[in-house]
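Peer 1: Numbering (my numbering), first residue to last: 734 to 1450.
Virtual Cβ for every residue (Gly too), placed ideally from N, Cα, C.
Fair warning: this is a prediction, and the values are worked out from it, not measured in the lab.
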């Protein structure tokens, strides 16, 4: 069985290095003797297939040996890493140890951890993967090949395990392969996972492709032949091929087209023409031929040769209006660039026999080092897992520095994210930004092609805690947010306590919430009030977290209404509709207009059932007939409630328009609005329909961002 692997490896591995592959196979075969896979095959088939996949990527002999040995320590109590090192050397042992640690801490799909312990385990697994990549990226390449073969044989697992592994593959492993530029593994992982998770859609697309295959192949041959002829006439030696798109990528395209009310019949770019030339000059010469033959579509040109992607990818992309009016994407690159485009970091000579490290490669992997810098500072496991996906696996936006260098950031990034990507400390000297030569706010969302200039001061400036509030929109990436949070944590505790107390009084008390400081601390799992304020002050806990806890306190859908001699210290609250018993009428008190998240109390009226008040409503506090006070709770519907909001601002032309626009942008309706002027000051009092206290908090942030606004508070009725 080893013959196929040796035949592949001998094409590029020096003959004197082949022996370690044979020895590793013999060792693994002996270690797995008698062990069987769920398919009924001998277990040795799995490490062998893993090594064959890596041989397709032309990885070195030590990596192939480690692939053959990657399960021997895990599956044999009498074999340790030290035994592997003694027989195969420290490099192979380090790779095997790295893969073993990743396997022992198997990934859980982000967001699926149901307990804090599972969440921490999940985050620790990703941390281990990051560390493994930093020490030796081949560890993750072996793990990717291991996962690919497991997905190729996934039908032998129980159904629930199949779905779990497929989702994990789509969420973590396929995006990771993409981030490392390994197209050959990425598309297979995506298609295999998609087939398992959505078999009907997979079959539908596959059937469609087969039905129109002849028509599509005839068209590809036609335009391919035309372009090949044009290149030969121009004296350019080139290889032109048609590259079909894979099923999962077509599925994503159909979803996009569905939003545009287009059908599959409208999708012509199910393939791309690929032009491979001998050298760099040939790329641009071929581009001239393509544009001379067919009209390029505006906005559909990208030069990743002049500006390579972070995953080493280089190519020219252009979409042209081709024969019969169909749009066709053309990709132009050299043979070496094509090798990297298919195999990513695995194709790089960093690990080829007898060669040294390359500074350019290290530079291209700066995103990995940045992750390692900030991941130690992220305290919450769930936050870390989600931010890992956000910063590394989400859609990207490509922007330029003033010097013309291309930078890749997650979509939705801001100038502060850009500053952090340039240098982790630049964010603390940023005082503004220009995009395409024009001043923009720090909350501006960067667009593809933007040229971004960070305006700086000569000294380090204190960041704003508002930067940590995701609702405010200053920072998109978790890595930049973690760096800012780290800055606050390094400040003196007394300063953090005072900062946190000021923020609490400003942001929470203005909502007229009735909970005590100790109750607020308990909501986020902190015993002491001073520790709570310190956590607010250093960014470990955000105002949004407190508001969400206040809004989402659990309550029964049906709450018993019982007499109470005095108001209880803590009243249950959760969603929106106030519920009683049977047909007992309940209504919202007009004097205080409580909303979801407010601590509430019920008052039994003589003729209108139970009226619900905020717990700190003067009418409740001054009530003499305490036996009429009852315990009530919020239910779980989508009712909207009127809230009076007071906005204080410096008077100017357009103020009222901007205030009402901010309310509208939050998706909130205004029932009433009154504006009063006092000298240079304007006080706008409006009644808005709010679903709960969390939305009210978000709306306050929006209103505070309006030019000239001094303060926003919840007005007493």
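Helix, strand or coil for residue 939, going by three-state DSSP, please let me know.
Peer 2: Residue state, collapsed to three classes: helix.
Peer 1: If you reduce the DSSP assignment to three classes, tell me which class residue 1256 lands in.
Peer 2: In this structure, residue 1256 counts as helix in the three-state DSSP scheme.
Peer 1: For residue 1062, which residues does DSSP report across the bridge?
Peer 2: Bridge partners of residue 1062: 1005 and 1052.
Peer 1: Taking the C-alpha atoms as reference points, what is the distance between residue 1160 and residue 1362?
Peer 2: One C-alpha to the other measures close to 53 Å.
Peer 1: For a cutoff of 9 Å on Cβ pairs, would you count residue 892 as touching chain B?
Peer 2: Checking the listed chains, one finds no chain B in this structure; it contains a single protein chain.
Peer 1: Around the C-beta of residue 1068, are 16 or more other C-beta atoms found within 10 angstroms, so that it is buried, or is it exposed?
Peer 2: Result: exposed.
Peer 1: Assess, as a yes-or-no matter, whether the stretch 1030-1038 is touched by the stretch 1050-1064 under the definition of 3 or more beta carbon pairs within less than 8 Å.
Peer 2: With the cut-off at 8 Å, the stretch 1050-1064 and the stretch 1030-1038 touch.
Peer 1: Have a look at the DSSP bridge pairing and note the partners of residue 1167.
Peer 2: Partner(s): 1172 and 1186.
Peer 1: Taking the alpha helix (DSSP H) that residue 710 belongs to, which residues open and close that run?
Peer 2: Residue 710 cannot be examined here, being either before or after the span of the chain that is shown, 734 to 1450.
Peer 1: Measure the C-alpha to C-alpha separation of residue 1274 and residue 1265 and round it to an integer number of angstroms.
Peer 2: If I take the Cα positions, the gap works out to 8 Å.
Peer 1: Closer than 8 Å is the cut-off here; do at least three beta carbon pairs connect the stretch 909-928 with the stretch 972-988?
Peer 2: These segments touch.
Peer 1: Per DSSP, what are the beta-bridge partners of residue 957 in this structure?
Peer 2: Answer is none; residue 957 lacks a bridge partner.
Peer 1: Using three-state DSSP, classify residue 1448 as helix, strand or coil.
Peer 2: In this structure, residue 1448 counts as coil in the three-state DSSP scheme.
Peer 1: Within this structure, are the beta carbons of residue 754 and residue 792 separated by less than 9 Å?
Peer 2: The answer is no: Cβ separation not under 9 Å.
Peer 1: Taking one C-beta from the stretch 931-946 and one from the stretch 911-918 each time, how about it: are there three or more such pairs within less than 8 Å?
Peer 2: These segments do not touch.
Peer 1: Within this structure, are the beta carbons of residue 929 and residue 899 separated by less than 9 Å?
Peer 2: Contact: yes.
Peer 1: Assign residue 1169 to one of two classes, buried (16 or more other C-beta atoms within 10 Å of its C-beta) or exposed (fewer than that).
Peer 2: Residue 1169 is exposed by the Cβ-count criterion.
Peer 1: With a threshold of 8 Å, are at least 3 pairs of Cβ atoms found where one atom belongs to the stretch 1410-1421 and the other to the stretch 1375-1386?
Peer 2: Yes, since at least three Cβ pairs between the stretch 1410-1421 and the stretch 1375-1386 fall closer than 8 Å, the two stretches touch.
Peer 1: Rounded to a whole number of angstroms, what is the C-alpha to C-alpha distance between residue 1210 and residue 1156?
Peer 2: Answer to the nearest angstrom: the Cα atoms are 14 Å apart.
Peer 1: In the DSSP assignment, what are the bridge partners of residue 1334?
Peer 2: In DSSP, residue 1334 forms a bridge with 1346.
Peer 1: Starting from residue 1421, follow its DSSP beta bridges and name the residues at the other end.
Peer 2: Residue 1421 pairs with 1376 and 1403.
Peer 1: Check the DSSP bridge columns for residue 888 and list the partner residues they point to.
Peer 2: In DSSP, residue 888 forms no bridge with anything.
Peer 1: So residue 801 and residue 889 are in contact, right, with Cβ under 8 Å, and what is the actual spacing, rounded?
Peer 2: Contact doesn't hold; Cβ gap of about 21 Å is too wide.
Peer 1: Taking residue 885 as the reference, which of 786, 1253 and 816 has the closest Cα?
Peer 2: When each option's Cα is compared against that of residue 885, the closest is 786.
Peer 1: Any idea what DSSP makes of residue 1026, helix, strand or coil?
Peer 2: Note: residue 1026 maps to helix in three-state DSSP.
Peer 1: Quick one: give me the first and last residue of the beta strand (DSSP E) that residue 1339 is part of.
Peer 2: Note, residue 1339: premise wrong, no beta strand (DSSP E); not H, not E.
Peer 1: So residue 1276 and residue 1256 are in contact, right, with Cβ under 8 Å, and what is the actual spacing, rounded?
Peer 2: That belief does not hold up - the Cβ atoms of residue 1276 and residue 1256 are roughly 12 Å apart, past 8 Å.
Peer 1: At 3 residues or longer, and completely inside the stretch 870-930: list those beta strand (DSSP E) runs for me, N to C.
Peer 2: Segments of the beta strand (DSSP E) lying fully in the stretch 870-930: there are none.
Peer 1: With which residues is residue 976 paired in a DSSP beta bridge?
Peer 2: Answer is 1005.
Peer 1: With 16 other CB atoms within 10 Å as the buried threshold, where does residue 767 fall?
Peer 2: The residue is exposed, with fewer than 16 neighbouring Cβ atoms inside 10 Å.
Peer 1: Could you please give the first and the last residue of the uninterrupted beta strand (DSSP E) stretch that includes residue 1359?
Peer 2: That residue, residue 1359, is in no beta strand (DSSP E); it is neither H nor E in DSSP.
Peer 1: Please tell me whether residue 1158 and residue 1193 are closer than 9 Å, where the distance is taken between their beta carbons.
Peer 2: Contact: yes.
Peer 1: Quick one: what's got a C-beta closer than 6 Å to residue 1051's C-beta in the same chain, skipping five residues either side?
Peer 2: Result list for residue 1051: 1029, 1034 and 1063, in chain order.
Peer 1: If we ignore side chains and look at the alpha-carbon of each, how far apart do residue 774 and residue 765 end up?
Peer 2: Approximately 12 Å between the Cα atoms of the pair.
Peer 1: Kindly list the residues whose CB is nearer than 7 Å to the CB of residue 963, restricted to its own chain and excluding five residues on each side of it in sequence; keep chain order.
Peer 2: Closer than 7 Å at the Cβ level, and outside the excluded window around residue 963, lie 1022 and 1026.
Peer 1: Within a Cβ cutoff of 7 Å, which residues of the same chain sit near residue 1267, ignoring the five residues on either side of it in sequence?
Peer 2: So the qualifying residues of the chain are 1226, 1229, 1230 and 1233.
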